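Take the position in the sequence shown, starting the count at 1, then add 40; the result is the number in this note's numbering. Just so it is clear, CB atoms sit at the ideal spot from N, CA and C, and this is done for glycine as well. From a predicted model like this one, the values you see are computed outputs, not experimental measurements. Each remark here refers to the structure printed beneath this line.
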Amino acid sequence: LQLRRLLRYKDIEIGWHGSEQGDAYAKAFLDYLARFNQQQKLELHLDQHYTAKTNNGRCLRYQPGHFTRLPNRYYTFRYGGIDFFALDSNTINEPSPIPETPQGDIRRKALIQRRDEIDVQEQQILEEYDKLDLDNPEDAQKSDALEAILSQINEVKVDIEKQLASHDPNVDFEQLEWFKQRLIESWNSSEVRARIVYFHHPPYVTEASKWYQAQTLAVRRRLRWVFDQVAQSIGNLNGNRPIVDLILNGHAHCLEHLYTTDTGQADSHINCIVSGGSGHYPRRQRDTGPELMETFDYISGSPIRKVADSLLFIGRKGYESLERFAYSGIRIDVKAGNPVKFVVKPFVAERFGHQWNYPDIEPFVIG
C-alpha cells in the first residue's frame with residue numbers, strides 16, 4: 041500500500057503487472073520459439089510437438105499433463121464439431137480518443153473531475169487502512185474490503201487515463217482480421233456445429249464497476265465490427281442462427297448470463313457468460329437494472345438502443361452485517377446434435393459473516 045501512495049495508480053496495470061510488452065507472459069504460457077538459438081533444436085521441437093494436421097498444415101498438439109503451452113496470444117481449435125476461438129482482448133480494448141469538439145471538452149472535464157474525486161477517496165481509504173490492526177479478525181476482514189475498493193479504484197483510474205490519452209489507439213487489427221477470416225472459414229465448413237469465442241474483457245456486462253468503462257465499449261464495438269464483416273461475407277449461410285453461439289469472458293468479479301437483443305447489427309441474439317466470480321472480492325450488479333443500453337454515436341442521430349439483457353447475476357449483495365459474497369464457477373455440458381445445446385451448471389460458495397453456504401443453482405440451457 042505504501043507503493044500505491046507513491047505510484048498514485050498512474051497506469052497501474054503496467055506499474056504492478058508489467059511484462060515487457062508481453063514477453064514475461066509469452067515465456068510463461070506460450071510455446072516460446074524465440075528461445076531456440078539453433079536451427080536443429082527448433083526443428084526437433086517442432087517435430088515433437090507440432091504433430092497435429094489441419095488444412096493449413098501442421099499445428100501444435102496440446103496434451104494435458106504433458107505439453108500445455110499455447111501456440112499464440114490468439115488461436116483456434118476444433119473439438120467435437122465445435123470451433124473455439126481464443127482472443128487476446130488486451131490489444132483491442134483501448135478506447136478511441138475524445139474528439140476535439142465542445143461535447144468532447146465537456147466529457148474531458150467531467151473525467152478529470154471524476155479522477156480528482158477518486159484521488160480524494162483513495163487517500164481517505166489509505167488513511168483508514170493505516171488505523172487497522174491486522175491481527176484483529178474484524179479488522180483483517182475490513183482490510184480485505186478496503187483492498188478490494190482500492191483495486192476497483194485502480195481499474196476506474198486506468199480507464200479514465202486511457203480515455204484522456206490524446207493519441208489514436210494502437211488497435212490490433214491483425215488479430216481482428218485473423219478472427220474474421222477464421223470465422224468465415226468456420227461458417228463455410230460442414231463439419232462445424234457451433235462456435236464459441238472466449239477472451240478476458242467482457243463486451244457485455246452489468247457488474248457495477250465494469251459496465252460503463254470505455255474499454256468495455258471498445259471491445260464490444262471491435263467485436264461487432266468483425267461480426268458485421270463476417271455476416272456480410274457469408275450471406276445466408278447462418279440462417280437464423282447468431283454469428284457465434286456463445287461468448288465466454290472473465291475480468292468482472294461476478295457470474296453473469298446475458299443475451300444480446302436485436303442490436304440492428306451482427307452481434308444480435310448471442311448468449312454471453314461472464315465467469316469471473318472466483319476472483320478476489322465479488323462485486324455487485326449495477327443499481328440501474330439488468331437492461332444494457334448503448335448510444336450508437338457513430339450512427340446518424342446517435343440512437344439509444346437496448347443491446348443486452350442480464351438473465352442471471354451472482355456476486356456481492358446486501359450491506360454491512362447482511363452482506364453476502366458469492367464466489368462462483370460453471371461447468372458447461374455439450375449435448376449431441378446440431379444446432380448444439382449447452383447445459384450450464386453454476387457452482388456457488390457464499391460467505392455470510394464467518395459462515396460458508398453452498399446454494400444449489402439450477403442449470404440453464406443455451407441453444
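Query: Proximity below 8 Å, CB of Asn378 to CB of Arg233; Result: yes
Query: Bounding residues of the alpha helix (DSSP H) (the contiguous stretch that carries Tyr169); Result: Pro142 to Asp170
Query: Arg264 classed as buried or exposed, judged by whether at least 16 other C-beta atoms fall within 10 angstroms; Result: buried
Query: Per DSSP, cross-strand counterpart(s) of Gln395; Result: Phe392
Query: The segment 360-375 in contact with the segment 337-348 per 3-pair CB rule at 8 Å; Result: no
Query: Val270 vs Ile283 beta-carbon contact at 8 Å; Result: yes
Query: Leu86 and Ala92 closer than 8 Å at C-beta; Result: no
Query: Sub-8 Å separation of Gly290 and Gly316 beta-carbons; Result: yes
Query: Rounded distance between the beta-carbons of Leu70 and Arg109, thought under 8 Å; Result: 6 Å
Query: Closest Cα partner of Ile193 within the set His240, Leu166 and Asn210; Result: Leu166
Query: Contacts around Val314, its chain only, beta-carbon distance under 6 Å, and the 5 residues preceding and following it disregarded; Result: Pro242, Val245, Asn289, Ala292 and Glu296
Query: Three-way DSSP call (helix, strand, coil) for Phe117 in this model; Result: strand
Query: Residue environment, His89, which counts as buried when at least 16 other CB atoms sit within 10 Å; Result: buried
Query: Straight-line gap, Asp208 to Glu217 (C-alpha atoms, nearest Å); Result: 19 Å
Query: Residue span of the alpha helix (DSSP H) that contains Glu195, given as start and end; Result: Pro177 to Leu204
Query: Residue environment, Pro403, which counts as buried when at least 16 other CB atoms sit within 10 Å; Result: exposed
Query: Ordered list of beta strand (DSSP E) runs contained in the segment 299-338, each at least 3 residues; Result: 311-315 and 331-335
Query: Touching by the beta-carbon criterion (3+ pairs, under 8 Å), the segment 220-233 and the segment 111-123; Result: yes
Query: Residue(s) in a DSSP beta bridge with Thr94; Result: Gly97
Query: Distance between Phe353 and Ala389 (C-alpha atoms, nearest Å); Result: 14 Å
Query: The segment 300-308 / the segment 267-281 touching (three or more Cβ pairs under 8 Å); Result: yes
Query: Host beta strand (DSSP E) of Asp123 (start-end); Result: Ile122 to Ala126
Query: Neighbour-count burial assignment, Tyr49, 16 or more Cβ in a 10 Å radius; Result: Note that Tyr49 scores 45 on pLDDT, short of 50, meaning its location in the model is unreliable; the coordinates nonetheless yield the value given after this. It counts as buried.
Query: According to DSSP, residues forming a beta bridge with Val237; Result: Phe125 and Ile287
Query: Beta-carbon proximity list for Val383, same chain, < 6 Å, skipping 5 on both sides; Result: Asp373, Pro403 and Val405
Query: Cα-Cα separation between Cys312 and Phe213, rounded to whole angstroms; Result: 23 Å
Query: Residues of its chain near Glu225, where Cβ-Cβ distance is below 6 Å and the 5 sequence neighbours each way are ignored; Result: none
Query: Glu247 beta carbon less than 8 Å from that of Cys294; Result: yes
Query: Where Glu247 falls: helix, strand or coil (DSSP); Result: strand
Query: Contact set for Gln161: own chain, Cβ-Cβ below 8 Å, skip 5 residues either direction; Result: Ile193
Query: Element boundaries [alpha helix (DSSP H), containing Ala348]; Result: Premise fails: Ala348 lies in the beta strand (DSSP E), Ile344 to Ile354, not in any alpha helix (DSSP H).
Query: Nearest-angstrom Cβ-Cβ length linking Glu134 and Ala258, presumed shorter than 8 Å; Result: 6 Å
Query: N-terminal and C-terminal residue of the beta strand (DSSP E) that Val232 is part of; Result: No beta strand (DSSP E) contains Val232, which DSSP labels as neither H nor E.
Query: Asp327 versus Trp251: straight-line alpha-carbon distance, rounded; Result: 11 Å
Query: Own chain residues within Cβ distance below 6 Å of Asn116, not counting five before or after; Result: Residue 116 is actually Thr in this sequence, not Asn. Cβ within range, chain order: Phe125 and Arg222.
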